[in-house]
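Novice:
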Amino acid sequence: MNDSTITERRSGSWGFDSEPLPPYLGRPSRAALAPWVVPPIDGTYVPDTVIDATRTGRIELRAVSARGGAHRCEGSVRQDAFALSRSRNGRWLVAAVCDGVGSARLSDIGARVAANRAVWELTESLSKTDKDLRQQLSNAVQRTTTALRAEAMNRRNCELADLATTITVLAIDSTAEAGSHRYVVGGVGDSPVLKLGVGGALRPLAPKVAAEVHSSATAALPWQADSCSHYAGELAVGEVLLIATDGFATLATQDEPARYFGEHWRAPVAPATFAADVEFVAKSYDDDRTVVAVWATAGQS
1 MNDSTITERR
11 SGSWGFDSEP
21 LPPYLGRPSR
31 AALAPWVVPP
41 IDGTYVPDTV
51 IDATRTGRIE
61 LRAVSARGGA
71 HRCEGSVRQD
81 AFALSRSRNG
91 RWLVAAVCDG
101 VGSARLSDIG
111 ARVAANRAVW
121 ELTESLSKTD
131 KDLRQQLSNA
141 VQRTTTALRA
151 EAMNRRNCEL
161 ADLATTITVL
171 AIDSTAEAGS
181 HRYVVGGVGD
191 SPVLKLGVGG
201 ALRPLAPKVA
211 AEVHSSATAA
221 LPWQADSCSH
231 YAGELAVGEV
241 LLIATDGFAT
251 LATQDEPARY
261 FGEHWRAPVA
271 PATFAADVEF
281 VAKSYDDDRT
291 VVAVWATAGQ
301 S
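Using UniProt numbering, read the sequence shown as starting at 1 and increasing by one per residue.
(1) Pop quiz: T245 and S191 are said to be a contact at Cβ under 8 Å. What is the actual Cβ separation, rounded to whole angstroms?
(2) Find out if the Cβ-Cβ distance for the pair S87, H230 is shorter than 8 Å.
(3) I believe S125 touches Q136 by the beta-carbon criterion, under 8 Å. Please report the beta-carbon distance rounded to the nearest angstrom.
(4) Less than 8 Å between the CB atoms is what I'm expecting for T166 and C98, so what's the real figure, rounded?
(5) CA-CA distance, S107 and Q224?
(6) If you run the structure through DSSP and keep just helix, strand and coil, what is P257?
(7) Tell me, please, whether the region 179-188 touches the region 248-259 by the rule of three or more beta-carbon pairs shorter than 8 Å.
(8) In whole angstroms, what separates the C-alpha of R91 from that of E19?
(9) In whole angstroms, what separates the C-alpha of V37 from that of V64?
(10) Between L33, L21 and D226, which has its C-alpha nearest C73's C-alpha?
(11) What does DSSP give as the partner residue(s) for P204 in the beta ladder?
(12) According to DSSP, E177 sits in a beta bridge with which residue or residues?
(13) Can you give the beta carbon distance from D80 to G247, rounded, assuming they're within the 8 Å contact cut?
(14) Which first and last residues belong to the beta strand (DSSP E) in which A232 is found?
(15) Taking the alpha-carbon of A249 as reference, which of E263, H264 and L202 has the nearest alpha-carbon?
(16) Measure the C-alpha to C-alpha separation of R156 and A150 and round it to an integer number of angstroms.
(17) Contact defined as beta carbons within less than 8 Å: I believe E279 pairs with P22. What is the distance between those atoms, to the nearest angstrom?
(18) Helix or strand or just coil, what does DSSP make of R149?
(19) Do you know whose CA, among L194, A31 and T175, lies nearest R58's CA?
(20) Thinking just about the alpha-carbon of each residue, which of D286, V292 and V291 is nearest to the one in R27?
(21) Ignoring anything shorter than 4 residues or poking outside the region 14-49, list the alpha helix (DSSP H) runs there in chain order.
(22) With C-beta atoms as the reference, is S85 less than 8 Å away from V94?
(23) Please report the residue range of the beta strand (DSSP E) in which S85 lies.
(24) Check the DSSP bridge columns for residue 339 and list the partner residues they point to.
(25) Tell me whether V188 sits in a helix, a strand or coil according to DSSP, three-state version.
(26) A115 to L251, Cα distance in whole Å?
(27) Considering just the uninterrupted stretch of the alpha helix (DSSP H) at A272, what are its terminal residues?
(28) For D132, does the three-state DSSP call read helix, strand or coil?
(29) Closest by CA to residue 374, which one among T146, A270 and A66?
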């Protein structure tokens with residue numbers, strides 16, 4: 001990236017005048033400096049930012065979804081969403097990240113509906129069995145179309161295309177087996193899967209895996225639900241796995257930002273600090289950002 005010198009956390013962007021502060025990745029965008037405008041309510045209030053966190057077994061999780069600068073200064077609703085849950089036996093953590101298609105009129109609703117339904121479906125399935133993880137994930141993604149169709153039918157003047165969204169789903173075993181945690185990840189669309197290895201930088205899971213896990217930039221629910229790509233692997237102690245929307249990942253995986261996140265996210269950070277990191281300020285990067293990160297720690301199961 002041009003002008004990619006990273007300035008440590010500092011004030012300047014509107015809404016951030018005390019700790020924790022976001023990092024500046026190069027020159028700031030004008031949108032990030034503008035006051036936030038509350039969007040009008042269209043049936044359901046959608047908060048500007050959502051933060052969550054949990055520890056289950058040896059897995060630490062942080063999650064944040066925030067409006068980008070463009071939506072904040074123009075008073076538009078956040079089109080990203082995430083959802084979290086765990087299996088009834090407490091063993092599996094399940095997360096989904098959705099990026100509503102910008103041209104779809106109600107994509108913010110589609111993103112929320114899809115994330116919640118996929119997480120519920122996969123959680124219910126994993127509560128019964130942990131076999132055939134890839135098939136379970138694919139089934140959960142496919143069943144989101146039922147929820148999206150019902151949403152379209154229940155809304156006046158709503159076409160299914162109005163709810164278009166990408167989706168990436170992750171399920172990880174919070175109990176370590178032979179020192180690592182099983183996981184399965186997959187989805188439809190361009191919301192990527194990232195990994196931070198011990199002492200490394202933040203990178204796509206792997207070039208080949210990245211191509212398998214998310215489809216072309218035009219792929220989205222509900223149309224491509226039956227073409228869900230997926231990958232199963234293991235997360236070792238000290239590694240971090242992330243599912244994110246491209247509003248975060250496009251810049252965060254470039255060389256200098258990737259090293260920055262690699263250094264700052266070596267260990268779990270406080271939820272507010274994690275949110276501030278995701279709120280990085282950078283010229284031309286004003287899209288919504290959503291990230292769910294899981295750390296495999298050496299703590300007690």
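Don't be surprised by glycine CBs; every beta carbon is placed ideally from N, CA and C.
Nothing here was measured: the structure is a model prediction, and the numbers come from that model.
Specialist: Quick look at the numbers:
(1) For the purposes of this step, residue 245 is taken as residue 245 along the sequence shown, with counting starting at 1. For the purposes of this step, residue 191 is taken as residue 191 along the sequence shown, with counting starting at 1. 5 Å between Cβ atoms; contact.
(2) Looking up residue 87 in the sequence shown gives position 87. Looking up residue 230 in the sequence shown gives position 230. No.
(3) By one-based count along the sequence shown, residue 125 stands at place 125. By one-based count along the sequence shown, residue 136 stands at place 136. With 8 Å as the limit, S125 and Q136 qualify as a contact, their Cβ atoms being about 5 Å apart.
(4) Reading the sequence shown from its first residue, position 166 is the one you call residue 166. Reading the sequence shown from its first residue, position 98 is the one you call residue 98. Right, the Cβ-Cβ distance comes to about 6 Å (below 8 Å), so this counts as a contact.
(5) Walking along the sequence shown from the start, residue 107 turns up at place 107. Walking along the sequence shown from the start, residue 224 turns up at place 224. So the two alpha carbons sit approximately 16 Å from each other.
(6) By one-based count along the sequence shown, residue 257 stands at place 257. DSSP places P257 in helix when its eight states are reduced to three.
(7) no
(8) Locating residue 91 in the sequence shown gives position 91, where the first residue counts as 1. Locating residue 19 in the sequence shown gives position 19, where the first residue counts as 1. Each residue's Cα considered, the two are about 35 Å apart.
(9) For the purposes of this step, residue 37 is taken as the residue at position 37 of the sequence shown. For the purposes of this step, residue 64 is taken as the residue at position 64 of the sequence shown. V37 and V64: Cα-Cα distance of roughly 20 Å.
(10) As a first step, residue 73 is located in the sequence shown; it is residue number 73 there, counting from the start. Residue L33 is the option with its Cα nearest to C73.
(11) As a first step, residue 204 must be located in the sequence shown, where it is residue number 204. Answer is L194.
(12) Residue mapping note: residue 177 aligns to position 177 of the sequence shown, counting from 1. Per DSSP, S180.
(13) Start at 1 with the first residue of the sequence shown, and residue 80 comes out as number 80. Start at 1 with the first residue of the sequence shown, and residue 247 comes out as number 247. Rounded, the Cβ-Cβ distance is 7 Å, consistent with contact.
(14) One-based indexing of the sequence shown puts residue 232 at position 232. Residues S229 to A236.
(15) Within the sequence shown, residue 249 is the residue found at index 249, counting from 1. Per the Cα distances, L202.
(16) One-based indexing of the sequence shown puts residue 156 at position 156. One-based indexing of the sequence shown puts residue 150 at position 150. Straight-line Cα distance between these residues: approximately 12 Å.
(17) The count along the sequence shown starts at 1 and reaches residue 279 at position 279. The count along the sequence shown starts at 1 and reaches residue 22 at position 22. With 8 Å as the limit, E279 and P22 qualify as a contact, their Cβ atoms being about 4 Å apart.
(18) Position 149 of the sequence shown, counted from the start, is the residue given in the question as residue 149. The answer is helix: DSSP assigns R149 an H, G or I state.
(19) For this step, residue 58 is matched to residue 58 along the sequence shown. Cα-wise, what sits closest to R58 is T175.
(20) Taking the sequence shown and counting its residues from 1, one reaches residue 27 at position 27. Closest by alpha carbon: D286.
(21) 30-33
(22) As a working mapping, residue 85 is identified with position 85 in the sequence shown. As a working mapping, residue 94 is identified with position 94 in the sequence shown. Yes. Within cutoff.
(23) Counted from its first residue, the sequence shown places residue 85 at position 85. First-last of the beta strand (DSSP E) with S85: D80 to R86.
(24) Past the edges of the chain, shown from 1 to 301, lies residue 339, and the structure says nothing about it.
(25) Taking the first residue of the sequence shown as 1, we reach residue 188 at position 188. Residue state, collapsed to three classes: strand.
(26) Position 115 of the sequence shown, counting from 1, holds the residue named residue 115. Position 251 of the sequence shown, counting from 1, holds the residue named residue 251. If you take the alpha carbons of A115 and L251, they lie about 24 Å apart.
(27) To locate residue 272, count along the sequence shown from 1; it is residue 272. Segment P271 to V278, the alpha helix (DSSP H) holding A272.
(28) Your numbering for residue 132 matches position 132 in the sequence shown. Three-state DSSP puts D132 in coil, outside helix and strand.
(29) No answer is possible for residue 374: the residues shown for the chain start at 1 and end at 301.
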